[in-house]
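Asker: Protein chains in written order, with the working numbering: chain A, 1379 to 1883; chain B, 36 to 343. Every residue gets a Cβ at the ideal spot worked out from N, C-alpha and C, and that includes glycine.
Given below as structure tokens:
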């Protein structure tokens, strides 16, 4: 499918700004609405300081990305959301960052609770210091309806976020999620970059997806600087990404098991997750893979001898992982419990643009490694793991299938790495091409990580946009709870396991 | 008969010491079994004693919305459970206090402790605690019939309404009533798990306030009152364990053997609970009533078998 007037390009490709079609607002809006009614996804919609809206559409089935932009004439424009629900959070974000008001937005609320940038007028007329989660919540009224507020301080060691439930007894009518407590201003900090700290900022956009974000950032720089990364280094990056996926999926399966009160898998996975993290630490010195990647290649190479040493440890950890997780699939009580919780309708999942594990659990086969392959995944095909029911069981099952797939990749990659001489340190990075746009997608363990950069006349970042998978998926959690049991919330939450800091940036 | 009197006093002392000192050991044993099953070392079996000692030295924090009613829960639970423990025979040794109809008192003491806990939960005005209180009361309404039908069946067998005679004289293998006994044990096991907020009904170790039943009602307690809450819960576990064990343990030739069997039984029961909790997940909350109804049915069939 082609998007009229938009420009087709590939993951990681650099486009001179002159090649990005500048459309009239009506053409721009119609193209997005039509495309998302078909099989395309709105991967990113953002504004920049020149009052331009930039949209990236993903045609996953045909392995293509489409980009287009429009220049707004005033501080408001007719909202896309009524015709394209996927735009709903993007438009709120644009309003909060640049004060551009989407007229007719049905759910017009702040996202991260900060004043607009560069002194633009605040669409909500909030004065002074803005506090997170302070807003008017949707309320159901009635004698028998009660409201439950959870967070931002929680009973476990998790990130701060606020949940507001409208309940009738145990049944949830509506869940509203308020985030923004973790807003650090990462996109603003990246402006004028790349700075010395820019890689750190990218890595910590969502700390548990350090590799996915660092890789996306590196690919932006490599694209804009015209750097070629040697295939061996790309393969090592693949190992880094899949180790991250292994550790997080194992941790999640253990936590899901713990939430239904099934202790064996919970306890074993807690330990095994540590084993996977330690494998990352062994190569780069950090359990979370910090400082493993750098633009142009790697900061810490994975030497042939080390690769040969790691392979049997990966095999053993996988064996233990399998034993621990199979206990959980063997218990009927776990299956019953998981299947009853948190179903998202596949149709709705498509409409709101879910990505990653949550989307694949609804039978939507999308995976950046497969659809817009990058690095080693160009040669090493990754099967897309899907399930059909969209409930907590499906989300756990997709993780399980992906573990097997990642393990296959890791074993192949380590075997190949053991026979290849190392590449040596990356070459010095030339400066970035001016007046260009680059979009880079990677598949983190949660789902699609998108980084978009615009450069100015000096080759500095004029706009840097990060879209963490959590940004797409938080609304999916709210839908999963609709009509469900409030006692199932922790389990649903864990089965999505979304990031607050990835959303709040 | 100074000898008989001495024995009675010794048994009484034994009973009281068991209640006061042994109760916190049972949750420790369950936790240990669960940890071992999961391949962990787990906290020491005496952890609850340490926790109680620690909490006893701590000050409590009270929310401004609470009143004196808030304290009724912990104090009332411990008082009611101590009183109830005097009515239940341990093993086959007669209970310290026994009279016709004490089973009614026992049932109402259980009810009283629940009532006070619910009141103190509602007193906080927290939406979590209100939710927990609603769940507790709803599920108790289904757990109590199973307990009462079991009592009715036992009253029919023993021709008495005193717990000492109803429980103390029976035991598996004591003749014609084995089938109803097994049914009562089955029904009461469900009550036992539900009343002590164990998996698969509730999860005593969860930190997720939205899924809790019993634990969420005591979230606002701290310091000494919280120590009472924990101690009261362990007393309840002991008392209800004794109910089950009295039905399961065969009567021994000598009274001291009965004591020995009782203690071994307590350990065994803790082990079984630990194993159940290691092998199953929690029910979804909407499934809990079905489980409790199974308990009612088991006790009801026991009663029916004895009627015909």
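Considering only the alpha carbon of each residue, which of 1785/A, 1449/A, 1723/A and 1870/A lies closest to residue 1619/A?
Answerer: Along the first chain, one-based indexing puts residue 1619/A at 241. For the residues 1785/A, 1449/A, 1723/A and 1870/A, the minimum Cα distance to residue 1619/A belongs to 1785/A.
Asker: Would you check if the distance between the CB atom of residue 169/B and the CB atom of residue 1547/A is smaller than 9 angstroms?
Answerer: Here residue 169/B corresponds to residue number 134 of the second chain, with the count starting at 1. Here residue 1547/A corresponds to residue number 169 of the first chain, with the count starting at 1. Against a cut-off of 9 angstroms, the Cβ pair of residue 1547/A and residue 169/B comes out as a contact.
Asker: Flag residue 1629/A as yes if its beta-carbon sits less than 9 angstroms from any beta-carbon of chain B, otherwise no.
Answerer: For the purposes of this step, residue 1629/A is taken as the residue at position 251 of the first chain. Residue 1629/A does not count as touching chain B.
Asker: Against residue 320/B, what residues of chain A qualify as contacts under a CB-to-CB distance less than 7 angstroms, listed in chain order?
Answerer: By one-based count along the second chain, residue 320/B stands at place 285. Neighbours of residue 320/B on chain A, chain order: 1548, 1863 and 1865.
Asker: Could you have a look at residue 1422/A and say whether DSSP puts it in helix, strand or coil?
Answerer: Position 44 of the first chain, counting from 1, holds the residue named residue 1422/A. The answer is strand: DSSP assigns residue 1422/A an E or B state.
Asker: With a cut-off of 9 angstroms, does the C-beta of residue 1644/A fall near any C-beta of chain B?
Answerer: Taking the first chain and counting its residues from 1, the one referred to as residue 1644/A is at position 266. It does: the Cβ of residue 1644/A has a partner Cβ on chain B nearer than 9 angstroms.
Asker: Contact criterion: CB-CB distance below 9 angstroms. Does residue 289/B meet it with respect to chain A?
Answerer: Stepping through the second chain from its first residue, residue 289/B is reached at position 254. With 9 angstroms as the cut-off, residue 289/B does not count as an interface residue toward chain A.
Asker: Let me check one thing: in DSSP terms, what residues is residue 1544/A bridge-paired to?
Answerer: Along the first chain, read from residue 1 onward, the residue named residue 1544/A stands at position 166. Paired residues: 1525/A and 1552/A.
Asker: Could you check the C-alpha separation between residue 1500/A and residue 1494/A for me, to the nearest Å?
Answerer: In the first chain, residue 1500/A corresponds to position 122, counting from 1. In the first chain, residue 1494/A corresponds to position 116, counting from 1. Cα to Cα, the separation comes out at about 6 angstroms.
Asker: Inspect the beta-carbon positions of residue 1675/A and residue 1608/A and report whether they are closer than 9 angstroms.
Answerer: For the purposes of this step, residue 1675/A is taken as the residue at position 297 of the first chain. For the purposes of this step, residue 1608/A is taken as the residue at position 230 of the first chain. Against a cut-off of 9 angstroms, the Cβ pair of residue 1608/A and residue 1675/A comes out as a contact.
Asker: With 9 angstroms set as the bound, which would you pick, yes or no: does the beta-carbon of residue 1540/A sit closer than that to a beta-carbon of chain B?
Answerer: Taking the first residue of the first chain as 1, we reach residue 1540/A at position 162. Output row for residue 1540/A: interface = no.
Asker: To the nearest angstrom, report how far apart residue 1415/A and residue 1532/A are at their CA atoms.
Answerer: Here residue 1415/A refers to the residue found at position 37 when the first chain is read from its first residue. Here residue 1532/A refers to the residue found at position 154 when the first chain is read from its first residue. Rounded to the nearest angstrom, the two C-alpha atoms are 39 angstroms apart.
Asker: Against chain B, which members of the segment 1518 to 1531 of chain A pass a CB distance test of less than 8 angstroms?
Answerer: Residues passing the 8 angstroms Cβ filter: 1524, 1525, 1526, 1527 and 1528.
Asker: Below 8 angstroms, is the gap between the Cβ of residue 1441/A and the nearest heavy atom of the ligand FMN?
Answerer: No copy of the ligand FMN appears in this structure; indeed no ligand is present at all.
Asker: If the cut-off is 7 angstroms on Cβ atoms, which residues from the segment 268 to 300 of chain B count as contacting chain A, listed in chain order?
Answerer: So the list is empty, because no residue satisfies the distance condition.
Asker: Can you confirm whether residue 1857/A, when its beta carbon is compared against all beta carbons of chain B, has any partner nearer than 9 angstroms?
Answerer: Locating residue 1857/A in the first chain gives position 479, where the first residue counts as 1. With 9 angstroms as the cut-off, residue 1857/A does not count as an interface residue toward chain B.
Asker: Please confirm if residue 252/B has its CB atom under 9 angstroms from at least one CB of chain A.
Answerer: Walking along the second chain from the start, residue 252/B turns up at place 217. No, its Cβ sits nowhere closer than 9 angstroms to a Cβ of chain A.
Asker: Comparing alpha-carbon positions, which option in 1597/A, 1515/A and 1453/A lies nearest residue 1540/A?
Answerer: Taking the first chain and counting its residues from 1, the one referred to as residue 1540/A is at position 162. For residue 1540/A, the nearest C-alpha among the options comes from 1515/A.
Asker: Which residues in the same chain have their Cβ closer than 6 angstroms to the Cβ of residue 1646/A, if we skip the five residues on either side of it in sequence?
Answerer: Translated into the one-based positions of the first chain, residue 1646/A becomes position 268. Counting only Cβ-Cβ distances below 6 angstroms, and skipping sequence neighbours, we find 1702.
Asker: What does residue 1711/A touch in chain B if you count any residue whose Cβ is under 7 angstroms from its own?
Answerer: For the purposes of this step, residue 1711/A is identified with residue 333 of the first chain, where counting begins at 1. By Cβ distance, chain B contributes 235, 315 and 316.
Asker: Can you name the start and end residues of the alpha helix (DSSP H) that residue 327/B belongs to?
Answerer: As a first step, residue 327/B must be located in the second chain, where it is residue number 292. Here the alpha helix (DSSP H) through residue 327/B covers 323 to 342.
Asker: Which chain B residues sit within Cβ distance under 7 angstroms of residue 1770/A?
Answerer: The count along the first chain starts at 1 and reaches residue 1770/A at position 392. None at all; the shortest Cβ gap to chain B is about 11 angstroms.
Asker: Restricting to runs no shorter than 4 residues, where is the alpha helix (DSSP H) found entirely within the segment 1615 to 1664 of chain A?
Answerer: Complete alpha helix (DSSP H) runs here, min 4: 1641 to 1662.
Asker: What is the rounded straight-line gap between the Cα of residue 217/B and the Cα of residue 65/B?
Answerer: In the second chain, counting from the first residue as 1, residue 217/B sits at position 182. In the second chain, counting from the first residue as 1, residue 65/B sits at position 30. Cα to Cα, the separation comes out at about 24 angstroms.
Asker: Please report the distance separating the alpha-carbon of residue 1856/A from that of residue 1554/A.
Answerer: Sequence index remark: in the first chain, residue 1856/A carries index 478 (1-based). Sequence index remark: in the first chain, residue 1554/A carries index 176 (1-based). Each residue's alpha carbon lies about 7 angstroms from the other.
Asker: According to DSSP, which residues form a beta bridge with residue 1489/A?
Answerer: The residue given as residue 1489/A occupies position 111 in the first chain. Residue 1489/A is not bridged to any residue.
Asker: Determine, using beta carbons only, whether residue 1730/A and residue 1466/A come nearer to each other than 9 angstroms.
Answerer: Start at 1 with the first residue of the first chain, and residue 1730/A comes out as number 352. Start at 1 with the first residue of the first chain, and residue 1466/A comes out as number 88. Against a cut-off of 9 angstroms, the Cβ pair of residue 1466/A and residue 1730/A comes out as a contact.
Asker: Thinking C-alpha only, which one of 1483/A, 1722/A, 1458/A and 1613/A is nearest residue 1788/A?
Answerer: Translated into the one-based positions of the first chain, residue 1788/A becomes position 410. When only C-alpha atoms are compared, the closest one is 1613/A.
Asker: Does the Cβ-Cβ distance between residue 1444/A and residue 1380/A come in under 9 angstroms?
Answerer: Working through the first chain from its first residue, we reach residue 1444/A at position 66. Working through the first chain from its first residue, we reach residue 1380/A at position 2. For residue 1444/A and residue 1380/A, yes; Cβs fall inside 9 angstroms.
Asker: Could you check what DSSP says for residue 1734/A in three-state terms: helix, strand or coil?
Answerer: Taking the first chain and counting its residues from 1, one reaches residue 1734/A at position 356. Three-state DSSP puts residue 1734/A in a helix.
Asker: Residue 1715/A touches chain B at which residues, Cβ-Cβ below 8 angstroms?
Answerer: The sequence position of residue 1715/A within the first chain is 337, counting from 1. Within chain B, the residues near residue 1715/A are 316, 317, 318 and 319.
Asker: If the criterion is Cβ atoms closer than 9 angstroms, does the pair residue 1873/A and residue 1639/A meet it?
Answerer: Taking the first residue of the first chain as 1, we reach residue 1873/A at position 495. Taking the first residue of the first chain as 1, we reach residue 1639/A at position 261. For residue 1873/A and residue 1639/A, no; Cβs fall outside 9 angstroms.
Asker: Please report the straight-line C-alpha distance between residue 334/B and residue 292/B, rounded to a whole angstrom.
Answerer: Counted from its first residue, the second chain places residue 334/B at position 299. Counted from its first residue, the second chain places residue 292/B at position 257. Computed Cα separation, rounded: 29 angstroms.
Asker: If the cut is a Cβ gap below 8 angstroms, which residues of chain A does residue 232/B touch?
Answerer: By one-based count along the second chain, residue 232/B stands at place 197. Neighbours of residue 232/B on chain A: none; closest Cβ ~11 angstroms, over 8 angstroms.
Asker: According to the Cβ coordinates, are residue 1882/A and residue 1560/A closer than 9 angstroms?
Answerer: Taking the first residue of the first chain as position 1, residue 1882/A is located at position 504. Taking the first residue of the first chain as position 1, residue 1560/A is located at position 182. Result yes, Cβ atoms of residue 1882/A and residue 1560/A sit closer than 9 angstroms.
Asker: For the alpha helix (DSSP H) holding residue 1327/A, just list the boundary residues, first then last.
Answerer: Because residue 1327/A is not part of the residues shown, which for chain A are 1379 to 1883, the question remains open.
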